[in-house]
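Protein chains in written order, with the numbering used here: chain A, 288 to 926; chain B, 149 to 456.
Think of the CB as a built atom: it goes at the ideal place given N, C-alpha and C, for glycine as much as any other residue.
Written out below as structure tokens is the structure these notes cover.
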Amino acid sequence: MTLQLFAIMRKNMLALMRSRLSSIVILLGPILLIVFLGLGVQTEFRHVEIGYHLTSNADVADLDAFLNVIKSENIGFEYTSYETSQQCISKVKKGDMHMCIIFAEIGQKTTIYIDVTQSNLAYAILNLISSKFEEKSKQVSTELVREVLNQFVIASSQMQNKSVYLSNIRSNVQDIPLKLEEIRNGLGKFSVDMDYNLKDYDDDFDDAYHELKDYREEIDEQYEINKDRLDEISDNITDSKRSLEDKKRQRDAYIDEIDDEWSRKRCYDREYEDLTPYLEDENLAAVGYSDPECSVLYTLRLQILANTKDIDDSIDMLESMQEMIVEVDGDMDTYRSRARGIISKVEGSLDEAYDTYESTSDVFVTLKKNLQNLTDAQMAALSELSSVSELLNQSMEWMSIVETSLDDISEDFQKMENYNSSALIDPFNTTIELEHYRANRLDYFFSSILVMIISFTCLLLSGLIVVREKQSRAFFRNSIMPLKDSSFLLGILITVVSIGFMQATLILLIAKHAFSLSGLDQMGVVLFISFMACVLFSVVGIVLGTILHSEESAILSGIILSLMLFVFSGIIIPLESMSEFVYSLSYLNPFVMIEIFLQRAMIYNITVFSADLVYVYVVEVVLFLIVGMILFKQAKKRI
Amino acid sequence: MVDNIPIITAKGVNKRFGNTRILDDVSFQVRKGGIFGIVGPSGSGKTTLLKVIVDFYKPDSGHMNVDVKRVRDKVGFTTQNNCFYDALTVNENLIYFGSLYGMKKSLLKERSKQLLTTVGLAGHGKKLALKLSGGMSRRLDLAISLLNNPDILILDELTAGLDPIARKQMIALVRNINNSGVTVLISTHMLDEIEELCDDMILLSNGKIIAQGHPDTLKQDFMKYEQVIIQTYPGNYKNILSHIAGFKHDISHYHIENNKLILLSGKASKVIHQILYSLNGCKEKLIEIDISKPDLNVVFEKAAGGKE
């Protein structure tokens with residue numbers, strides 16, 4: 288493919304060079320253009336009317352000094368002083384003056400009014416005036432800077448001292464993490480767990496109360512049962528006693544009857560004997576005894592008495608039992624009363640204990656709550672301590688960095704002692720020649736001229752070559768050769784880019800040596816941007832060539848398109864004064880894009896390109912190539 | 149040496165541009181090592197057919213099989229328009245197109261020199277292509293087509309515009325090339341050229357093959373006719389034709405064009421004799437009479453069943 292591309296490029300070059308007019312335009316065109324430009328554009332201004340007004344606070348001495356500087360340059364400025372700022376400004380509005388400067392106190396804002404209808408001139412004058420302002424401000428600020436430098440030196444020594452303090456602080460701070468760690472460990476060991484549950488105590492109290500109640504009930508119950516039993520026993524005893532007493536009365540009645548009988552029979556006078564020993568004899572009658580009647584009565588009485596002897600004992604016993612029951616009953620009452628008293632006392636004690644418990648419970652809850660808070664606080668404190676520890680470590684690192692930085696700054700300050708104060712004010716080291724040059728308008732719009740030349744050359748040439756190829760009889764042969772369309776278009780692109788780049792290089796070299804343009808200090812970057820411009824305008828031209836069918840239409844369309852891109856580039860009419868829509872689209876304009884790149888490199892010395900613009904550039908190149916390829920394929924079908 | 153192996157096979161090839169049918173169901177075979185002729189009047193579709201063969205156009209339907217490794221590398225094409233750059237010299241043109249084939253410079257130089265000798269342009273290498281004569285331009289175009297040692301060489305109206313000597317030289321050159329093993333396809337409207345060169349041919353009319361076979365066979369059908377052009381005053385040609393009505397069967401075709409009577413006949417001498425004999429009777433005065441081989445358009449119109 289390289290061989291093919293080289294062959295296409297060589298063929299295109301040869302074909303172009305064979306045409307004398309083409310070769311003259313390609314080689315001599317840029318040279319002639321730059322020569323005419325050099326002859327036409329002068330470095331000095333003529334008849335530039337500048338009005339000025341001094342505000343009440345303005346330093347007249349400084350203004351005079353400033354005006355003297357400009358006048359000494361003898362650059363064709365004409366000055367008029369105005370009493371009021373309005374007079375001065377209205378002159379600009381009417382077009383009588385190119386510029387009006389309202390001088391304020393040095394150090395304050397100085398306002399410049401420009402006639403915008405002659406924007407190029409206005410900006411060039413502004414440039415020059417600015418440089419003069421710069422010069423004046425330089426004079427003023429040199430002294431200030433010198434003073435500042437002295438202050439820097441003092442600050443440097445002070446900082447060195449402070450650096451020692453900083454080291455001390457750092458060493459002190461170094462111990463803090465260790466101490467914090469200790470505190471943290473201590474806090475970690477301190478346990479405030481309180482795993483008690485007051486409800487258990489409540490339950491205990493309830494149980495005690497219940498138990499006491501049960502005791503009381505049980506005592507009462509037992510008392511009632513025993514009482515009932517005692518009453519029953521007492522009743523039984525009473526019944527038994529009554530029964531025994533009845534028996535006794537019966538016996539006594541019997542005895543009385545016996546005694547009566549005894550008396551009636553006058554047995555006290557009769558012989559009688561106790562028959563008891565004979566009671567066991569079956570034939571009692573056969574037993575001989577003295578007076579049977581009385582003996583029987585006597586024995587009966589004895590027997591009755593003997594047999595009822597227990598009645599008396601029993602009655603006595605029952606009576607003693609009754610007494611005992613009464614006594615037991617009394618004892619039971621006593622015991623019950625005592626038990627009740629004891630229970631009441633226990634209850635009282637329990638009440639007291641409960642009251643104490645209740646009062647303690649509140650304290651306990653509060654205590655528990657406080658302990659929980661303490662636990663939370665402990666955890667938070669531990670966490671805080673960790674964070675603080677980390678922060679301290681980080682702080683220590685930072686302090687080290689700060690310490691290092693301070694040392695560096697200190698060193699820098701020491702170095703600055705040797706600096707030239709004026710070099711500090713003007714980092715670009717502006718010399719009087721450079722300032723003089725900066726007044727050259729070429730410096731301001733050279734980038735536009737370069738883009739214009741590249742756009743016209745590349746756009747027209749690539750369009751023309753493509754149309755010529757399409758019209759060529761060899762086009763068919765190229766189409767049936769083992770050659771891809773992309774290679775063919777790439778060959779054309781390389782040819783045009785080479786020519787365009789060669790022209791741009793030629794112009795830049797001439798400009799650098801003939802006009803000493805300050806912007807060409809970054810020659811490599813400017814050349815690279817020129818190359819980018821060649822590529823972009825060439826692909827646009829290729830698209831144009833694939834659409835059009837004749838050389839005339841390609842030339843005319845190329846010129847019209849180049850002019851359109853030029854008109855909407857902001858060189859003639861500022862982009863800022865265009866409609867929002869046109870303004871937003873203007874950055875897609877290859878002219879604008881390349882001019883921005885060039886201006887940044889040439890005027891502002893910025894060599895890093897904006898990523899957005901580079902992205903737009905790449906997208907445009909790729910897009911135009913794809914469109915060109917598609918249209919080229921379509922064109923082949925028309926052979 | 150002609151093989152019976154087909155190197156190009158067309159089967160039912162159709163091609164349209166918009167509503168116009170350019171090729172209509174074209175089928176043929178080209179044998180390897182032979183010289184194949186494609187004959188037809190202007191606009192019959194010859195060039196389109198050749199462009200389909202070199203894969204410049206894809207057929208709308210049908211198949212075109214070219215049995216070479218890579219068509220664009222192995223098929224040379226000499227067009228009727230001299231496809232090279234006028235602004236380059238002969239050598240520069242050869243080097244440019246050779247580079248597109250990927251040939252190395254040393255090989256290219258040697259090949260260019262050899263080809264210039266072959267086509268008879270030795271010593272003209274440094275001449276601008278623009279300054280070459282018609283014959284030399286055709287030779288340069290032929291040399292470019294032969295740069296990459298093609299298996300197939302396509303010659304589109306190779307001898308058009310050449311003088312008889314140059315034409316003869318060119319035909320001899322084509323024969324030499326064919327003898328070196330290259331299959332040749334010639335498209336032309338000159339039937340005698342085909343007769344001289346081709347082993348096989350097709351007749352194309354309005355994109356359709358109207359006849360195909362060996363030239364000798366086809367000649368029997370189409371080359372026997374001669375064209376008679378007569379101009380008389382006052383030019384009442386219908387009257388003349390009615391006077392020779394007895395010989396009408398000897399006239400295959402006639403028409404009046406530009407106040408001239410144009411006849412096509414296999415027995416032209418006999419017809420002329422009768423016309424001259426009848427002129428007095430018709431009160432016509434002879435202004436011009438010419439006898440020639442017929443224009444192919446007329447022949448093809450007849451072959452395709454055109455007007456009578």
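Per-residue contacts from residue i into chain A (C-beta, under 8 angstroms)
i, result
"N230/B", "R760"
"D299/B", "Correct list: empty, because the minimum Cβ distance to chain A is about 14 angstroms."
9 angstroms Cβ cut-off: residues of chain A touching residue i
i, result
"S247/B", "L290, Q291, F293, A294, I295, R297 and K298"
Proximity test, Cβ basis, 8 angstroms: residue i and chain E
i, result
"A841/A", "Of the protein chains in this structure, namely A and B, none is chain E."
Coarse secondary structure for residue i, derived from DSSP in three states
i, result
"T653/A", "helix"
"Q659/A", "helix"
"H494/B", "Residue 494/B lies beyond the range of chain B shown here (149 to 456); nothing can be said about it."
"T586/A", "helix"
"M768/A", "coil"
"H337/B", "coil"
"V187/B", "strand"
"Q758/A", "helix"
"Y339/A", "strand"
"K199/B", "helix"
"S897/A", "coil"
"K159/B", "strand"
"C581/A", "helix"
"N230/B", "coil"
"M386/A", "strand"
"E405/B", "strand"
"G857/A", "coil"
Residue i: first and last residue of the uninterrupted alpha helix (DSSP H) it sits in
i, result
"C821/A", "M810 to I834"
"M296/A", "T289 to R305"
"F884/A", "P877 to M889"
"D221/B", "V219 to K222"
"K257/B", "K253 to V267"
"F245/B", "V238 to L248"
Contact list for residue i against chain B, beta-carbon separation under 8 angstroms
i, result
"P769/A", "R218, R220, D221, L248, Y249 and G250"
"L301/A", "A235, L236 and E240"
"S766/A", "F204"
"R305/A", "A235, L236 and L276"
Closest by C-alpha distance to residue i, when choosing among the options
i, options, result
"C554/A", "R588/A, K535/A and Y565/A", "R588/A"
"S281/B", "G271/B, L310/B and A270/B", "L310/B"
"R259/B", "T336/B, C231/B, N297/B and Q228/B", "N297/B"
"Y205/B", "L255/B, T266/B, P312/B and L171/B", "L171/B"
"F911/A", "E882/A, K923/A, L885/A and N876/A", "N876/A"
"K222/B", "A235/B, I201/B and L236/B", "I201/B"
"R627/A", "R503/A, K924/A and I388/A", "R503/A"
"V900/A", "A540/A, L885/A and T662/A", "Note on identity: in this sequence residue 900/A is Leu, with Val being the wrong assignment. With distances taken between Cα atoms, L900/A lies closest to L885/A."
"T782/A", "V822/A, V813/A and K757/A", "V822/A"
"V908/A", "A640/A, V827/A, N765/A and E365/A", "V827/A"
"G246/B", "L295/B, D215/B and F225/B", "L295/B"
"L814/A", "G832/A, M789/A and E336/A", "M789/A"
"Q375/B", "I325/B, I439/B, Q422/B and N324/B", "I439/B"
"E558/A", "I786/A, V583/A and G857/A", "V583/A"
"A359/B", "V322/B, G188/B, A158/B and I156/B", "G188/B"
Residue i: first and last residue of the uninterrupted beta strand (DSSP E) it sits in
i, result
"Y381/B", "E374 to Y381"
"Y400/A", "T398 to I401"
"R169/B", "T168 to R179"
Listed by chain order, chain B residues near residue i by CB distance under 7 angstroms
i, result
"R925/A", "Simply none; closest approach about 10 angstroms."
Neighbouring residues, chain B, relative to residue i (Cβ below 9 angstroms)
i, result
"F763/A", "K199, F204, F225, T227, N229 and C231"
Q: Please determine if the stretch 488-499 of chain A and the stretch 624-637 of chain A are in contact, where contact requires at least 3 C-beta pairs separated by less than 8 angstroms.
A: Contact check between the stretch 488-499 of chain A and the stretch 624-637 of chain A: three or more CB pairs, one atom from each, fall below 8 angstroms, which counts as touching.
Would the stretch 743-756 of chain A and the stretch 836-848 of chain A be scored as touching if the rule is three or more Cβ pairs under 8 angstroms? yes
**Prompt:** On the three-pair Cβ rule with 8 angstroms, is the stretch 501-514 of chain A touching the stretch 615-622 of chain A?
**Reply:** yes
* Touching or not, the stretch 777-795 of chain A and the stretch 867-883 of chain A, by the rule of three or more beta carbon pairs under 8 angstroms? -> no
message: Any contact between the stretch 769-780 of chain A and the stretch 259-270 of chain B? By contact I mean 3 or more CB pairs, one from each, below 8 angstroms.
response: A contact between stretches requires three or more CB pairs, one per stretch, nearer than 8 angstroms, and the stretch 769-780 of chain A fails this requirement with the stretch 259-270 of chain B.
Across the stretch 377-390 of chain B and the stretch 347-356 of chain B, are there enough close Cβ pairs to call them in contact, namely three or more that are closer than 8 angstroms? no
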